[in-house]
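Numbering follows the working numbering, in which position 18 of the sequence shown is assigned residue number 18; successive positions increment by one, without gaps. Quick reminder that beta carbons are idealized off the backbone N, C-alpha and C, glycines included. In this text the structure is predicted, and so the values were computed from the model without any measurement. Read the structure below first, then the notes.
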Amino acid sequence: MLGSRISESERCRLDRRAPPGVRLRVSMVECPAMPKGRIPRDRRRTRVTRLGLLTVGQTARVLGMSPSTLRLWENVGLVSPARSDGRYRLYSPELLDVLKRIKYLRDVKLLNLPGIREMLGKPAVSQPANGARPTDLGRKLRVLRKKRGLGVVEAAKRAKISAGFLSAIELSKANPSVATLQRLTATYGTTVLNFYDTRKQSNRLIRLKERRVIRTQSGVTMELLSAGARQLQSMIFRVQPGGGSGGSYSHQGEEFIYMMEGTLELWLDELESHTLRAGDSFWFESTVGHRWHNPSTLEAVLIWINTPPTF
Numbered sequence: 001m002l003g004s005r006i007s008e009s010e011r012c013r014l015d016r017r018a019p020p021g022v023r024l025r026v027s028m029v030e031c032p033a034m035p036k037g038r039i040p041r042d043r044r045r046t047r048v049t050r051l052g053l054l055t056v057g058q059t060a061r062v063l064g065m066s067p068s069t070l071r072l073w074e075n076v077g078l079v080s081p082a083r084s085d086g087r088y089r090l091y092s093p094e095l096l097d098v099l100k101r102i103k104y105l106r107d108v109k110l111l112n113l114p115g116i117r118e119m120l121g122k123p124a125v126s127q128p129a130n131g132a133r134p135t136d137l138g139r140k141l142r143v144l145r146k147k148r149g150l151g152v153v154e155a156a157k158r159a160k161i162s163a164g165f166l167s168a169i170e171l172s173k174a175n176p177s178v179a180t181l182q183r184l185t186a187t188y189g190t191t192v193l194n195f196y197d198t199r200k201q202s203n204r205l206i207r208l209k210e211r212r213v214i215r216t217q218s219g220v221t222m223e224l225l226s227a228g229a230r231q232l233q234s235m236i237f238r239v240q241p242g243g244g245s246g247g248s249y250s251h252q253g254e255e256f257i258y259m260m261e262g263t264l265e266l267w268l269d270e271l272e273s274h275t276l277r278a279g280d281s282f283w284f285e286s287t288v289g290h291r292w293h294n295p296s297t298l299e300a301v302l303i304w305i306n307t308p309p310t311f
């Protein structure tokens, strides 16, 4: 009955997937040997999935679009997926959030590629934002990791990401979300703001033109308001539609949010969900795991204060 339902090639595939030393003998013909050193495609995909990364085909299915569209967005510089040893494209959860936002800007806001690039905060592919250059971020993270005496696997484990994704970040082939960057800096005993040059800012007065800006690929812009303060950290967050933290994170201290414009959804320990709108204020302990997201079609603008400056 088995032989009447499956093809000869399928029988061979079943034989190859049997445990070492075991033959299922479902095939009636001699199956061609698997090339040495080659891992079956389904096993490669399983291994990649276990690392928290998706292939281009898997990512396309999640987003409901074609792989060719994903390749186009890569070719025009909107995204930069990591590559496996076999040069397969690999998409992290953080990059998936960016792709969802690009799809939203294309399908809902009806923006063309230049418009999408502008909304992502990337006026030119090679032009850096104020503060640290994006290409420096991976190098600085690698230096910090080595100073702490951590290997890639151990550092990734502590930051709750895959080793492959951390390697891609250090090689500037992938960009971390706000949550991932915070967890990495905490692992290395520093904070996010220490990655950006604030030495030229005065301790008390910061002019608008002096304000340092941090941009991420997940639709978030952070403007530093208090570079010289020792006991607090204040910023203006601008969160584009569909943008957010890209995951949950926690640290020491307390936080205060004042909503200036738009809407922000905030989750605490995955148990509480709060929707903040213009005029609302919110306080919580930083030790509680928190993630956030802009669910609306308008930019969210908020003042975010941490004390002490542990973000």
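Quick check: what's the CA-CA separation for residue i versus residue j?
| i | j | result |
| --- | --- | --- |
| L70 | L110 | 17 Å |
| I305 | E210 | 19 Å |
| V62 | K157 | 26 Å |
| G163 | E223 | Here the sequence assigns Ala to residue 163, which means Gly is not the residue at that position. Roughly 30 Å between the two C-alpha positions. |
| F282 | M260 | 12 Å |
| S234 | G115 | 30 Å |
| E285 | S68 | 44 Å |
| H274 | L120 | 26 Å |
| Y249 | V76 | 32 Å |
| Y88 | R207 | 46 Å |
| E255 | V288 | 10 Å |
| L166 | G138 | 9 Å |
| G189 | F311 | 11 Å |
| I102 | L113 | 9 Å |
| L150 | A82 | 22 Å |
| R117 | Y258 | 28 Å |
| L72 | S92 | 18 Å |
| I236 | L302 | 6 Å |
| A227 | S177 | 22 Å |
| A229 | L268 | 27 Å |
| G57 | A155 | 29 Å |
| T263 | D97 | 18 Å |
| T191 | G64 | 37 Å |
| I161 | P241 | 25 Å |
| K146 | S80 | 25 Å |
Return the Cβ separation of residue i and residue j in integer angstroms, given the expectation that the two are a contact with Cβ distance under 8 Å.
| i | j | result |
| --- | --- | --- |
| P309 | E265 | Their Cβ separation, rounded to whole angstroms, is 25 Å, which puts P309 and E265 out of contact at 8 Å. |
| G247 | R204 | The Cβ separation is near 35 Å, so there is no contact. |
| L78 | L53 | The Cβ separation is near 19 Å, so there is no contact. |
| V239 | A179 | That belief does not hold up - the Cβ atoms of V239 and A179 are roughly 13 Å apart, past 8 Å. |
| T59 | L99 | 7 Å |
| G243 | V220 | 5 Å |
| E94 | S218 | 6 Å |
| L232 | T307 | 4 Å |
| Q316 | H293 | Residue 316 cannot be examined here, being either before or after the span of the chain that is shown, 1 to 311. |
| A159 | L193 | No, A159 and L193 are not in contact; Cβ-Cβ is about 18 Å, not under 8 Å. |
Decide if residue i is buried, meaning its Cβ has at least 16 other Cβ atoms within 10 Å, or exposed.
| i | result |
| --- | --- |
| T187 | buried |
| K36 | Reliability fails at K36, whose pLDDT of 46 lies under 50, so the model's placement of it is uncertain and no value is given. |
| V29 | With a pLDDT of 44 at V29, under the threshold of 50, the predicted position of this residue should be treated as unreliable, and no value is reported. |
| E272 | exposed |
| E270 | exposed |
| V153 | exposed |
| D136 | exposed |
| L298 | exposed |
| R47 | Here R47 scores only 45 on pLDDT, less than 50, and its place in the model should not be relied on; the value that follows carries that caveat. Exposed, since its Cβ has fewer than 16 Cβ neighbours within 10 Å. |
| N175 | buried |
| S245 | buried |
| S66 | exposed |
| L105 | buried |
| D107 | exposed |
| R133 | Because R133 sits at a pLDDT of 42, beneath the cut-off of 50, its placement in the model cannot be relied upon, and the point is left open. |
Measure from the C-beta of residue i to each C-beta in chain B and report whether the shortest distance is under 8 Å.
| i | result |
| --- | --- |
| G164 | Protein chains in the displayed structure number just one, and chain B is not present. |
Does the Cβ of residue i lie closer than 7 Å to at least one heavy atom of the ligand FMN?
| i | result |
| --- | --- |
| H274 | With respect to small molecules bound, the structure shown includes none, and the ligand FMN cannot be examined in it. |
At least 3 beta-carbon pairs within less than 8 Å: the stretch 265-283 vs the stretch 212-227: no
Contact between the stretch 141-149 and the stretch 169-187 (3+ Cβ pairs under 8 Å): yes
4 or more residues per run - each alpha helix (DSSP H) lying fully within the stretch 155-180: 163-170
Contained alpha helix (DSSP H) runs [length at least 4] in the stretch 54-116, N- to C-terminal order: 56-63, 67-75, 93-107
Any beta strand (DSSP E) of 3 or more consecutive residues that is wholly inside the stretch 183-258: 213-215, 220-224, 233-239
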